[in-house]
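Number of protein chains: 2
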Amino acid sequence: MFTLLHQDKSSKARLGKLVTGHGDIETPCFMPVGTQGTVKTLSGQELNDSGAQIILSNAYHLFLRPGIEVIKKAGGLHKFISWPKPILTDSGGYQVFSLALLRKVSDEGVEFQSHIDGMKHLLTPEAVIEIQKALGSDIMMPLDECVHYPCAKDEAEIAIERTIAWAKRSLSVVSGSCQLLFGIVQGATYEDLRKACTEQLTQMQFAGFAIGGVSVGEPSNLRYNIVHFVNALLPQDKPRYLMGVGLPEDIIEAVGLGVDMFDCVVPTRYGRNGTAFTHAGKLTVRNAPYIEDFTPLDKECSCYTCNNFNRAYLRHLFNTDEILGLRLVSLHNIHFYLELMQKIREAISQDRFVEFKRDFLRNWQGTVPVGDCPL
Amino acid sequence: MFTLLHQDKSSKARLGKLVTGHGDIETPCFMPVGTQGTVKTLSGQELNDSGAQIILSNAYHLFLRPGIEVIKKAGGLHKFISWPKPILTDSGGYQVFSLALLRKVSDEGVEFQSHIDGMKHLLTPEAVIEIQKALGSDIMMPLDECVHYPCAKDEAEIAIERTIAWAKRSLSVVSGSCQLLFGIVQGATYEDLRKACTEQLTQMQFAGFAIGGVSVGEPSNLRYNIVHFVNALLPQDKPRYLMGVGLPEDIIEAVGLGVDMFDCVVPTRYGRNGTAFTHAGKLTVRNAPYIEDFTPLDKECSCYTCNNFNRAYLRHLFNTDEILGLRLVSLHNIHFYLELMQKIREAISQDRFVEFKRDFLRNWQGTVPVGDCPL
């Protein structure tokens, strides 16, 4: 399913291809997040035009609304949301632990109350796989126990034991279908726990491995340390997915440590707040200096937003609470992320990832200049 | 500027062409409303793909935010919002009377406090034209005094006198440019006042005439009566614009009385509330019968929404407060309105407007059936 195409000469960055039931994915890749079956504010056509190869959705949210039966009757998630390319679904493990009310974790699974209507539900590892089978996800994630930072070691230890047991049960209900199941490495910031978890999971037949329990509040040096540490233990011939990461600089750092797949709400969440990513750094369009700045968000960008609209107009849209503003900056940010991944892949293929990273970060540290603003 | 191309044999419906500085407009036409320089939730590309020939914006709103100087420096409204086709700007007369705080009307103009920040402003008829000249509007509207329904006759009489005086002053500051200025007929629901206002305005050199002061709360029979009455007094060789109207059945009725141009917030406002227009009537996608309805909003529609998405998914988007829902139903509604106008023009050109109206209204009276819903 996964082919390692090229290994960068001066770093651990990898170029690969992941084959799924709905198409191939070139890695390293970024997966725009469509939690509830829509990447916020954007249409499938816009995602496709931006170069999205795969999107992420969430089994927990879809289970609660509209319910799995509806999606099953629609012919699966791809048909329901009209997205013909690959979809990865998160199991909802993280959401059960962060959103749900009154949860009760046992070896059997997680009992919780919906954060929407208070209804009680029990999710077992087996049920979570059945849900994702019904959704028709190309990549499924098992139920895991996600801990926050900081987390006491004994608590983290119980969580990895449960995560490993649940991983085994998840694998046992996967049919020999074209739906891939990844294992999720937990273990908080403890190297020995991460090692134990990785060693046990890599003995099972997962199609890929995710590093979970990161981006939960830990300092970035601890995060990079864990990513570096776990990557060294993961097999070369399977894709590696760093869950919920991150900012452009985080992604570039993690690619250099050998990560292949990413997802993060940042481009769309920042987009809805009026913060755009540009090659020079972040730009908050609502700010006063852009009142009469008639240049695009990023002169180097070829997205619909930058081809047609200037900062002054985008600022006006945000100031007047117009939805088009949220759309246009979200679209630009998704385009920025997907183009960044494209550039990363090109750099790896030419063995110049380290130079690319250095150049990117040099520009990135700067502040965003006001274009032709006469102010 | 306006050519009457054809007069329907069995009604007063007219087919025409209006030439503007940014392109020709086939009439009868509908102008999507972009009050603040954006048709709510939609992109210019989507409007263009839907067949929009012209959009409406509002001088009052743009004067307050982002301010005329910004738009002037951007090179005019078309460039600022990236819409190369015709734009009609409303003067803001209606908004001053409906939105602004503490207004003081005198023969000079209207003094008011901004509904946004409380700042005091004075708008004179001359200033309103200067604003629209700076915006570069293809069709400008003069400042008028708009009264609500019901309105005492003496009050309505003062309002038309002022409207007529202001119309004359507006015309005096128009340069011989390619920006067209329309006169606005006021007079509430009083035939003699409407007649007096129409007669005075038609003696001036306006490029077209608008019927204002309708859709302000009056019963529809009174509205149709006024539209019928005023149209009979308006010259054949100038376009007629019925301001702020309306629902599909209102538009069809008014076309039959000789109206050429329409604008209304209904398709986008209803779209954001989850109400779709279909050939069979209105459909509220949030409603329970659509939970498992996997048919498009309107099987006869060829818009992006109907080509790609079903009612169950749209219902899910509204239930989960996803912006894509607002976008997709707004897009469908604008497409529905613009396609309706296209069908109306075809029917007039073939002298079968009366039959078209009868058939449309027959379907329209029905309720919207649930598609292949198994419920």
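Chains as they are written, first to last, in the working numbering: chain W, 1003 to 1377; chain S, 1003 to 1377. We put the beta carbon where it would ideally sit given N, CA and C, even for glycine. Since this is a predicted model, take the numbers as computed values, not measurements.
Check, Outcome
"Which residue marks the beginning of the beta strand (DSSP E) containing S:N1050, and which one marks its end?", "That residue, S:N1050, is in no beta strand (DSSP E); its alpha helix (DSSP H) goes 1046 to 1051."
"For S:V1041, which option in S:Y1192, S:F1320, S:H1337, S:F1358 has the closest C-alpha, if you only look at C-alpha atoms?", "S:H1337"
"Using only the alpha-carbon positions, how far apart do S:S1093 and W:T1286 sit?", "32 Å"
"Scan the stretch 1198 to 1258 of chain W and note each continuous beta strand (DSSP E) run of 3 residues or more that stays entirely inside, going in chain order.", "1210 to 1213, 1242 to 1244"
"What ranges does the beta strand (DSSP E) occupy inside the stretch 1051 to 1126 of chain S, keeping only unbroken runs of at least 3 residues that lie completely in it?", "1057 to 1060, 1089 to 1092, 1103 to 1107, 1112 to 1115, 1122 to 1125"
"Name, please, each residue of chain W whose Cβ falls closer than 9 Å to the Cβ of S:R1067.", "H1318, N1321, T1322"
"Could you check if S:G1018 is buried or exposed, using at least 16 other CB atoms within 10 Å of its CB as the buried criterion?", "buried"
"So if I threshold CB-CB distances at 9 Å, which residues from the stretch 1078 to 1095 of chain S count as touching chain W?", "K1081, F1082, I1083, S1084"
"Could you name the residues of chain W that S:G1046 contacts, counting a contact when the two beta carbons are closer than 8 Å?", "N1310"
"Determine, using beta-carbon pairs with one atom in the stretch 1030 to 1047 of chain W and one in the stretch 1070 to 1083 of chain W, whether at least three such pairs fall under 8 Å.", "yes"
"Taking W:V1035 and W:L1058 to be in contact with their CB atoms under 8 Å, please state how far apart those CB atoms are, rounded to whole angstroms.", "5 Å"
"What residue range is occupied by the uninterrupted beta strand (DSSP E) comprising W:E1159?", "Element bounds for W:E1159: not the beta strand (DSSP E) but the alpha helix (DSSP H), 1155 to 1174."
"Counting pairs of Cβ atoms below 8 Å between the stretch 1298 to 1305 of chain W and the stretch 1298 to 1311 of chain S, do you hit three or more?", "no"
"With three or more C-beta pairs closer than 8 Å as the rule, is the stretch 1220 to 1236 of chain S touching the stretch 1189 to 1198 of chain S?", "yes"
"If I follow the unbroken beta strand (DSSP E) through W:G1185, where does it start and stop?", "1182 to 1187"
"Considering only heavy atoms of the ligand MG, does any lie closer than 8 Å to the CB of W:V1257?", "With respect to small molecules bound, the structure shown includes none, and the ligand MG cannot be examined in it."
"Classify W:C1388: buried if its beta carbon has 16 or more other beta carbons within 10 angstroms, exposed otherwise.", "Nothing about residue 1388 of chain W can be read from this structure; chain W reaches only from 1003 to 1377."
"Is W:E1132 close to chain S, meaning its C-beta is less than 9 Å from at least one C-beta of that chain?", "no"
"Where does W:E1028 fall in DSSP's three states?", "strand"
"What residues from chain S crowd round W:E1294, counting only those whose CB sits closer than 7 Å?", "V1072, K1075"
"Take S:L1137 as the anchor and find which of S:H1123, S:I1083, S:N1223, S:V1331 has the nearest alpha-carbon.", "S:I1083"
"Can you list, in chain order, the residues of the stretch 1252 to 1274 of chain W whose Cβ is nearer than 8 Å to any Cβ on chain S?", "none"
"Contact criterion: CB-CB distance below 9 Å. Does S:Q1038 meet it with respect to chain W?", "yes"
"My understanding is that S:H1117 touches S:L1101, with C-beta atoms under 8 Å, so please give their C-beta distance in whole angstroms.", "5 Å"
"In the DSSP assignment, find the beta strand (DSSP E) that holds S:Q1009 and state where it starts and stops.", "1004 to 1009"
"In chain S, which residues lie with their C-beta within 7 Å of the C-beta of W:Y1315?", "F1082, I1083"
"DSSP on W:V1130, reduced to helix/strand/coil?", "helix"
"Cutting at 8 Å between CB atoms, please list the residues of its own chain near S:D1374, excluding the five before and the five after it.", "At S:D1374, the pLDDT of 37 sits below 50, so the modelled position is not reliable and the matter cannot be decided from this model."
"Pull out every residue of the stretch 1328 to 1344 of chain S whose Cβ sits closer than 8 Å to any Cβ of chain W, in chain order.", "L1328, R1329, L1330"
"Using a Cβ cut-off of 7 Å, which residues of the stretch 1096 to 1126 of chain S contact any Cβ in chain W, in chain order?", "none"
"Do the stretch 1129 to 1146 of chain S and the stretch 1171 to 1191 of chain S meet, that is, are 3 or more Cβ pairs less than 8 Å apart?", "yes"
"Closer than 9 Å, CB to CB, is W:Y1151 near chain S or not?", "no"
"Check for me: the beta strand (DSSP E) holding S:F1279 runs from which residue to which?", "1277 to 1280"
"In angstroms, rounded to a whole number, what distance separates the CA positions of S:F1004 and S:V1356?", "24 Å"
"How far does the beta strand (DSSP E) with W:R1016 in it reach, from first residue to last?", "1016 to 1022"
"For W:H1024, which of W:L1044, W:A1054, W:S1045 has the nearest alpha-carbon?", "W:A1054"
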